[in-house]
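Working notes, beginning with the structure itself.
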Amino acid sequence: MHYEQMTESVFTAKIQSHLEQILGDASLILKTLHEKDQCLLCELDDLGRIFQNMHGIASSFYLQSYIEQFTPSFVELAKAIKNLSENKHGALIVIERTDSVDKFIQKGTSLHAEISASLIESIFFPGNPLHDGALLVRENTLVSAGNVLPLTTQEVDTHLGTRHRAALGMSGYTDALVLVVSEETGKMSFAKDGVLYPLISPRT
1 MHYEQMTESV FTAKIQSHLE QILGDASLIL KTLHEKDQCL LCELDDLGRI
51 FQNMHGIASS FYLQSYIEQF TPSFVELAKA IKNLSENKHG ALIVIERTDS
101 VDKFIQKGTS LHAEISASLI ESIFFPGNPL HDGALLVREN TLVSAGNVLP
151 LTTQEVDTHL GTRHRAALGM SGYTDALVLV VSEETGKMSF AKDGVLYPLI
201 SPRT
């Protein structure tokens, strides 16, 4: 996932460029579809790579737009979850927005520390006593760690673990945005309004 802050004009230009490339490549595939020496699987893989890159750009941009007005430390948060994802260290981070989340959280350990990627990564390092709970972010502060969140009451995919169910629960009860990193797969996602969205890293 990109963690550079992105303006709307840059985002639009990148998406437009990817869409134009997709249209051009798809048109070429149509023209050569009946040629015996065409490697359709190779060309479809190339298209898939473009779509995934575009999805990665979009997910990063919208995540940024959802939270940057509530915390000035978007880049530090993004760096942290990217590194946690690469190391398959599970994480659950609640970013408070307009609604107070206090009455929905079973409080863990108070931190009241300035947001930094290295501190977030150390909190979720396996074996740390706080790594299984949720980290609460309010403005530019890591408020507390090891918090327990309410689980969603919705029917969800049976493959979703406790972290994802907690993210869906908290984002369903409040307007908080909740970042999740899977310990099993390293996949990143965020929950908003009781819906889980994947954060996809561009393919190389």
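Okay, so the sequence shown: first residue is 1 according to full-length UniProt numbering, each after it adds one. From the three backbone atoms N, C-alpha and C, an ideal C-beta is built for every residue, glycine too. It should be emphasised that the depicted structure is a prediction, and the values quoted were computed from it without experimental measurement.
Going by the beta-carbon positions, is the gap between residue i and residue j smaller than 8 Å?
{"i": "L168", "j": "T152", "result": "yes"}
{"i": "G133", "j": "G172", "result": "no"}
{"i": "N140", "j": "E121", "result": "no"}
{"i": "L84", "j": "V181", "result": "yes"}
{"i": "D99", "j": "T174", "result": "yes"}
{"i": "M188", "j": "L199", "result": "yes"}
{"i": "L77", "j": "I93", "result": "yes"}
{"i": "F70", "j": "M170", "result": "no"}
{"i": "V143", "j": "Q106", "result": "no"}
{"i": "R163", "j": "V156", "result": "no"}
{"i": "H18", "j": "I50", "result": "yes"}
To the nearest angstrom, how far is the alpha carbon of residue i from that of residue j?
{"i": "G127", "j": "H89", "result": "10 Å"}
{"i": "A26", "j": "T32", "result": "10 Å"}
{"i": "L23", "j": "M6", "result": "24 Å"}
{"i": "K82", "j": "D37", "result": "40 Å"}
{"i": "F125", "j": "H131", "result": "6 Å"}
{"i": "N87", "j": "G186", "result": "7 Å"}
{"i": "A80", "j": "A91", "result": "10 Å"}
{"i": "V75", "j": "L179", "result": "13 Å"}
{"i": "G47", "j": "I29", "result": "At residue 47 the sequence reads Leu, which differs from the Gly that was named. Approximately 10 Å between the Cα atoms of the pair."}
{"i": "Q16", "j": "V10", "result": "10 Å"}
{"i": "E20", "j": "K14", "result": "10 Å"}
{"i": "E96", "j": "L44", "result": "41 Å"}
{"i": "P129", "j": "A145", "result": "10 Å"}
{"i": "S116", "j": "H55", "result": "26 Å"}
{"i": "E35", "j": "L41", "result": "13 Å"}
DSSP three-state label for residue i, please.
{"i": "R97", "result": "coil"}
{"i": "L77", "result": "helix"}
{"i": "L119", "result": "helix"}
{"i": "L149", "result": "coil"}
{"i": "M1", "result": "Interpretation of M1 is limited by its pLDDT of 46, a score under 50 that renders its predicted location unreliable; the figure taken from the coordinates is listed afterwards. M1 falls in the coil class under three-state DSSP."}
{"i": "Q64", "result": "helix"}
{"i": "Q154", "result": "coil"}
{"i": "T12", "result": "helix"}
{"i": "T162", "result": "helix"}
{"i": "L130", "result": "coil"}
{"i": "N83", "result": "helix"}
{"i": "residue 216", "result": "Nothing in the structure corresponds to residue 216, since the chain is present only between 1 and 204."}
{"i": "D25", "result": "helix"}
Can you check DSSP and say which residues form a bridge with residue i?
{"i": "S144", "result": "S110 and L136"}
{"i": "S189", "result": "V180 and P198"}
{"i": "L92", "result": "V180"}
Check: Touching or not, the region 151-165 and the region 187-198, by the rule of three or more beta carbon pairs under 8 Å?
Finding: yes
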